[in-house]
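Chains as they are written, first to last, in my numbering: chain F, 1 to 330; chain B, 1 to 329; chain Y, 1 to 312. Here a beta-carbon is modelled for each residue, glycine too, at the ideal position from N, C-alpha and C. Here is the structure we will look at.
As structure tokens, this is what we get:
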């Protein structure tokens, strides 16, 4: 059984009376235990929202409207309160984008660990100060931090260190799935590399399912086994990571890939995507990327393309679907 | 350490500035308060000795003397507590009059502030946490309404209903007439009885300041990422509300302690007047009604300085609350 | 390294999504802005209540001669009477009708509240803008002065000033009240100016050579309107209370008719002891209502400037 099976996830965002913005539209996600999946897209495409939805962290004015989210067989979309809180132990965890501000400024790192361990205490857990310190040291070591960090306060740590502490705290719950929401976006490139290495090693060692949300395709391709591309609230492509740099893809994915240039090449071609993303407060007819797509046809403007096989995964594109069929038939 | 040093320097500077302001005020005003004051003293039967004249002039202004000399005299008179005699209380010096009244006000204002701070903060936490729901609305509307009560009005009404009509509490004063203040249990009990209404009046009218401040801080704090992260890690609601949200939201409240204290002190002037409670506020009330300038000056000085000291103490206490100011970062 | 971009130029035909220029509307921009603000405020429950109550009080003040049954200063009635058919709230020790005084009193309380609030806000905005815009010696000095003004207790200071000034006119009161209430607003405006100063649109205006004056009025101030409005209403609320307190202490002009002077008279004649508690209750309640209405409107303004505080 897959660890996570989400069907028909819809998230609507209602900032003022009468205003509705559909930030996630009809998304299906299936994750097996131990998979490392990347979720890419530009700002505003809904990837963070989806990550929050899957971990039941949506807050008003955003809400989950419809859909089933089966985590290890249990539909967590219908859970609330204490039941939901319990799911977070040995269940799913979320690491935030700004590890910078994810820590309580007036509590030491040791107290952070204590708070989490006590919130999910099971009989037999050693929750004495010494016990918490022991557990904390273990967890800090796994993210390559020294035990001395335990007595520090968040403002005494650098950005990268704070992000590692956040990861360590998430690990304290021994989750089977962790969603990393832009974990390295706010860090400089070198620290980014180090933190990503740590995340990759942890995922390999402990085998938890990981979702890496990022707008940086390079980071995602490097770390993950499988990549999902989001556009305007929908998943438009889903491929193994290795396949992404070759072959045919959804026109949006290809445009994204085009946006990256090798800084050491002699001649660099930078692409761009003309136009702007669609207005998510309007229902759409047809493919949401069609207005900006170089391959758009009649059918693209009227019918929403379903996810159909492409290369070793799937993509939501009429043109590519037709081409793929032609290859298979022929 | 740097934080404490800064606070000490600020305290000393503000102290100096306040003293100087009190020095400047009567000398800017039209007319000659000195002659008026001396005249009134004379008619109250107070002998106008040289010392007396000197004291009054030091406070209110000596004609034909350079400002620098006046300033020196002024500072000296403060240091030696020679404020002269007040004609509202001709039998004792201003310093003594204020000295007798000060403890009453310190106890009243002190106890009320602590009480209002605690209750107000808790209500604010509650309203901020349950934002948008009935609990929040009722607390907010209630605090708005009660916070708009002029302290003297509420005092009068409580006096009328609870004291005059139903006789639950004594009508005026700090203690029953005929008793002499002393440290005995019966006296203290009597004093307590007399202080309930003034304290209640002050507490009700100043509560809202704390409630709103805390509520707004809570709402802002609840938008922070560490709250989201704590919830994502499955911490219990109560832990998040108190140890993560309220504990951080408290900080700006402490720094703005001075502002609300000012309101309490101001309110105490009006409330003590209404109840004839023998504190500093009541003295100010009497001084104003009698145009007793020497007394007013000295009172204003004492009130301002007391407030500055209280704020300074709270500022020092802040170090215990916020680890970010502890390091020299 | 040569970089070749293939992003087409932005004027793709038919996709121009520019904001329609002014349009055919003939309503001037500031008025439209106010209209929009009022409509948004109206949508907020608390602000709507506040505006209604405030509106009623303003109506009462403006139409006082029509609403009040008698002249407020005429001493033609039997003094010390309790509520009766002719004098709904009884009479004062001088034989004046309290109810008429209550109606006319709205004028003074409103005028003092609004004027003192406006004056205090004007000072606060000026000092706050200057202080927040240029870090340096001027900012340090102004900040120190502002903090000083904040820690000196307001009511005692007002009392001293009013006692010394002996001006005895309503405008003395306005000045004194304004003098003691500008500091809170100044602090808020200063911190907001500092934040806005570092924002891009201000930096770009400065770089493109706009002079300080214009940058302040064109770029910074318009982004602080709801903050300034909120400061104004807060100052006005404090002003109403302060004016009433000063009148109650006898530091106002006893011949003006305001809610505070009614309370002063009530205290002088020991109204409570003679059973005329309505004479104390009514003006005080009026003060409370006026202050509450200002505060309620402020809730709406708070929600305008801080989206987190908006009602769902």
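task = Can you grab the Cα-Cα spacing for the pair residue 317 of chain F / residue 290 of chain F, in whole Å?
result = Residue 317 of chain F sits at position 317 when you count from the first residue of the first chain. Residue 290 of chain F sits at position 290 when you count from the first residue of the first chain. Their Cα atoms are separated by approximately 10 Å.
task = Mind listing the chain F neighbours of residue 224 of chain B? Cutoff is C-beta to C-beta under 7 Å, in chain order.
result = For the purposes of this step, residue 224 of chain B is taken as the residue at position 224 of the second chain. Correct list: 101.
ask   = Is residue 229 of chain B helix, strand or coil by DSSP?
value = As a first step, residue 229 of chain B must be located in the second chain, where it is residue number 229. Three-state DSSP puts residue 229 of chain B in a helix.
query = Of the residues that make up the stretch 224-239 of chain F, which ones have a beta carbon closer than 7 Å to any beta carbon in chain C?
reply = Any reference to chain C falls outside this structure, whose protein chains are F, B and Y.
message = According to DSSP, simplified to helix, strand and coil, what is residue 143 of chain F?
response = Here residue 143 of chain F corresponds to residue number 143 of the first chain, with the count starting at 1. Coil, per DSSP.
inquiry  = I'd like the span of the alpha helix (DSSP H) that includes residue 26 of chain B, first residue to last.
reply    = Translated into positions along the second chain, residue 26 of chain B becomes position 26. It spans 2-28 - the alpha helix (DSSP H) in which residue 26 of chain B sits, taken as one unbroken run.
task = Entirely within the stretch 216-249 of chain F and at least 3 residues each: give me those beta strand (DSSP E) ranges in chain order.
result = 226-231, 234-240
message = Can you look up residue 22 of chain F in the DSSP assignment and give me helix, strand or coil?
response = For the purposes of this step, residue 22 of chain F is identified with residue 22 of the first chain, where counting begins at 1. In this structure, residue 22 of chain F counts as strand in the three-state DSSP scheme.
ask   = By how many angstroms is the C-alpha of residue 218 of chain Y removed from the C-alpha of residue 22 of chain Y?
value = As a first step, residue 22 of chain Y must be located in the third chain, where it is residue number 22. As a first step, residue 218 of chain Y must be located in the third chain, where it is residue number 218. The predicted model places residue 22 of chain Y with a pLDDT of 39, which falls under 50 and marks its position as unreliable; any figure quoted below should be read in that light. Their backbone Cα atoms lie some 18 Å apart in a straight line.
Simplified DSSP state of residue 314 of chain F, which is helix, strand or coil = Mapped onto the first chain, residue 314 of chain F falls at position 314. If DSSP states are grouped into helix, strand and coil, residue 314 of chain F belongs with the strands.
ask   = Residues in the stretch 291-322 of chain B with C-beta within 9 Å of chain Y's C-beta atoms, listed in sequence order?
value = 291, 293, 296, 297, 299, 300, 303, 304, 307, 308, 311
key: Any chain F beta carbon closer than 8 Å to residue 179 of chain B   = Counting from one through the second chain, the residue named residue 179 of chain B turns up at place 179. No, no contact with chain F.
key: Check whether residue 64 of chain B and residue 163 of chain Y have beta carbons under 8 Å apart   = Counting from one through the second chain, the residue named residue 64 of chain B turns up at place 64. Counting from one through the third chain, the residue named residue 163 of chain Y turns up at place 163. Cβ distance not < 8 Å, so residue 64 of chain B and residue 163 of chain Y don't count as in contact.
ask   = How many angstroms separate the CA atom of residue 325 of chain B from the CA atom of residue 194 of chain Y?
value = As a first step, residue 325 of chain B is located in the second chain; it is residue number 325 there, counting from the start. As a first step, residue 194 of chain Y is located in the third chain; it is residue number 194 there, counting from the start. Residue 325 of chain B and residue 194 of chain Y: Cα-Cα distance of roughly 22 Å.
key: N- and C-terminal bounds of the alpha helix (DSSP H) containing residue 52 of chain F   = Here residue 52 of chain F refers to the residue found at position 52 when the first chain is read from its first residue. Looking at the DSSP string, the run of the alpha helix (DSSP H) that includes residue 52 of chain F is 47-54.
request  = Figure out for me which residue from B/33, B/255, B/73 has the closest Cα to the Cα of residue 51 of chain B.
outcome  = Within the second chain, residue 51 of chain B is the residue found at index 51, counting from 1. The option with the nearest alpha carbon to residue 51 of chain B is B/73.
task = Closer than 8 Å, Cβ to Cβ, to anything on chain F: give me those residues from the stretch 228-248 of chain B, in chain order.
result = 228, 229, 230, 231, 232, 233, 234, 235, 236, 239, 243, 244, 247, 248
message = So within the stretch 262-295 of chain B, which uninterrupted alpha helix (DSSP H) runs reach at least 4 residues, ignoring any that extend past its ends?
response = 280-290
ask   = Under 8 Å between the Cβ atoms of residue 55 of chain F and residue 94 of chain F?
value = Residue numbering aside, residue 55 of chain F sits at position 55 when the first chain is read from its first letter. Residue numbering aside, residue 94 of chain F sits at position 94 when the first chain is read from its first letter. Going by C-beta atoms, residue 55 of chain F is nearer than 8 Å to residue 94 of chain F.
query = Can you give, in chain order, each stretch of the alpha helix (DSSP H) that sits fully within the stretch 276-310 of chain F and has at least 4 residues?
reply = 298-302
inquiry  = Can you look up residue 213 of chain B in the DSSP assignment and give me helix, strand or coil?
reply    = Counting from 1 along the second chain, the entry for residue 213 of chain B is found at position 213. In the structure shown, residue 213 of chain B adopts helical secondary structure according to DSSP, grouped into three states.
query = Who pairs with residue 38 of chain F in a beta bridge, going by DSSP?
reply = Within the first chain, residue 38 of chain F is the residue found at index 38, counting from 1. Partner(s): F/212, F/227.
task = Using a Cβ cut-off of 9 Å, pull out every chain Y residue sitting near residue 157 of chain B, in sequence order please.
result = In the second chain, the residue the question calls residue 157 of chain B occupies position 157. Ordered by position in chain Y, the residues that pass the 9 Å Cβ test against residue 157 of chain B are 272, 277, 280, 281, 284.
request  = Ignore the nearest five residues each way along the sequence and tell me which others in residue 84 of chain F's own chain have a CB closer than 8 Å to its CB.
outcome  = As a first step, residue 84 of chain F is located in the first chain; it is residue number 84 there, counting from the start. Excluding sequence neighbours, residue 84 of chain F sits near 56, 76.
inquiry  = Between the alpha carbons of residue 219 of chain F and residue 36 of chain F, how many angstroms are there, rounded?
reply    = The residue given as residue 219 of chain F occupies position 219 in the first chain. The residue given as residue 36 of chain F occupies position 36 in the first chain. Their backbone Cα atoms lie some 13 Å apart in a straight line.
request  = May I have the straight-line CA-CA distance separating residue 317 of chain Y from residue 266 of chain Y, to the nearest angstrom?
outcome  = Nothing can be reported for residue 317 of chain Y, as the shown portion of chain Y is limited to 1 through 312.
query = How about residue 209 of chain Y: is its Cβ closer than 7 Å to a heavy atom in the ligand FMN?
reply = This structure lacks the ligand FMN, and indeed carries no ligand of any kind.
query = With 16 as the cutoff for other CB atoms within 10 Å, does residue 248 of chain B come out buried or exposed?
reply = Residue numbering aside, residue 248 of chain B sits at position 248 when the second chain is read from its first letter. By the 10 Å Cβ count, residue 248 of chain B comes out buried.
key: Where the alpha helix (DSSP H) containing residue 67 of chain Y begins and where it ends   = Along the third chain, read from residue 1 onward, the residue named residue 67 of chain Y stands at position 67. From DSSP, the alpha helix (DSSP H) with residue 67 of chain Y extends over 64-67.
request  = State yes or no: is the beta carbon of residue 324 of chain B nearer than 8 Å to at least one beta carbon in chain F?
outcome  = Walking along the second chain from the start, residue 324 of chain B turns up at place 324. With 8 Å as the cut-off, residue 324 of chain B counts as an interface residue toward chain F.
Residues of the stretch 159-179 of chain B with Cβ closer than 8 Å to any Cβ of chain Y, in chain order = Against chain Y - using a Cβ distance shorter than 8 Å - the residues of the stretch 159-179 of chain B are 159, 160, 164.
task = Name, going along the chain, the residues of the stretch 57-69 of chain F whose beta-carbon falls closer than 8 Å to a beta-carbon of chain B.
result = 57, 59
task = Select from Y/152, Y/261, Y/257 the residue whose C-alpha is nearest the C-alpha of residue 18 of chain B.
result = Residue mapping note: residue 18 of chain B aligns to position 18 of the second chain, counting from 1. Per the Cα distances, Y/152.
key: Residue-level contact to chain B via CB, residue 156 of chain Y, 8 Å cutoff   = The sequence position of residue 156 of chain Y within the third chain is 156, counting from 1. Interface residue, yes.
Beta-carbon proximity of residue 283 of chain B to residue 97 of chain B, cut-off 8 Å = The residue labelled residue 283 of chain B in the question sits at position 283 within the second chain. The residue labelled residue 97 of chain B in the question sits at position 97 within the second chain. Residue 283 of chain B places its beta carbon less than 8 Å from that of residue 97 of chain B.
query = CA-CA distance, residue 186 of chain B and residue 166 of chain B?
reply = For the purposes of this step, residue 186 of chain B is taken as residue 186 along the second chain, with counting starting at 1. For the purposes of this step, residue 166 of chain B is taken as residue 166 along the second chain, with counting starting at 1. Cα to Cα, the separation comes out at about 23 Å.
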